[in-house]
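Heads up: the sequence shown begins at -10 in my numbering, then just goes up one per residue. For glycine and all other residues, C-beta sits at the position ideal for the given N, C-alpha and C. One structure below.
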Amino acid sequence: MANTPQAKKRARQNEKRFAINKARRSRIRTHLRKVEEAIASGDKDAATAALRAAQPELMRGVTKGVFHKNTASRKMSRLSARVKALG
-10 MANTPQAKKR ARQNEKRFAI NKARRSRIRT HLRKVEEAIA SGDKDAATAA
40 LRAAQPELMR GVTKGVFHKN TASRKMSRLS ARVKALG
């Protein structure tokens, strides 16, 4: 357990950041799941709309340090290709 005042403060800060990052990660996953569900249902319009909503959330996660830039780019690229392939 943290003993010094500085270590105690860092522990408190870490808990707060963990909660914030966890919520942000969950929010992004929800958006990605909505895109996946729209793709699975075969609805191109819904999938496109869901993808448009997911993109800024995913990039915000990159800005906030929740995801690596390449990871977010890879996810967007693969989802875009799948939405584009819908008839």
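Taking all protein chains shown into account, decide if residue i is buried (16 or more other Cβ within 10 angstroms of its Cβ) or exposed.
i          : result
residue 76 : exposed
residue 7  : exposed
residue 54 : exposed
residue 0  : exposed
residue 43 : buried
residue 27 : buried
In angstroms with no decimal places, state the Cα-to-Cα distance between residue i and residue j.
i          : j          : result
residue 31 : residue 9  : 34 Å
residue 25 : residue -3 : 42 Å
residue 58 : residue -7 : 35 Å
residue 11 : residue 19 : 12 Å
residue 64 : residue -5 : 38 Å
residue 45 : residue 13 : 12 Å
residue 4  : residue 38 : 35 Å
residue 56 : residue 66 : 15 Å
Using a beta-carbon distance below 8 Å, is residue i in contact with chain D?
i          : result
residue 29 : Among the protein chains of the structure shown there is no chain D, as only one such chain exists.
Look up residue i in the DSSP assignment and say whether it is helix, strand or coil.
i          : result
residue -9 : coil
When the distance is taken between beta carbons, is residue j closer than 8 Å to residue i?
i          : j          : result
residue 15 : residue 40 : no
residue 36 : residue 48 : no
Legend entry - Complete runs of the alpha helix (DSSP H) confined to the region 1 to 70 [at least 4 residues]: Fully contained in the region 1 to 70 are the following alpha helix (DSSP H) runs of length 4 or more, in chain order: 33 to 52.
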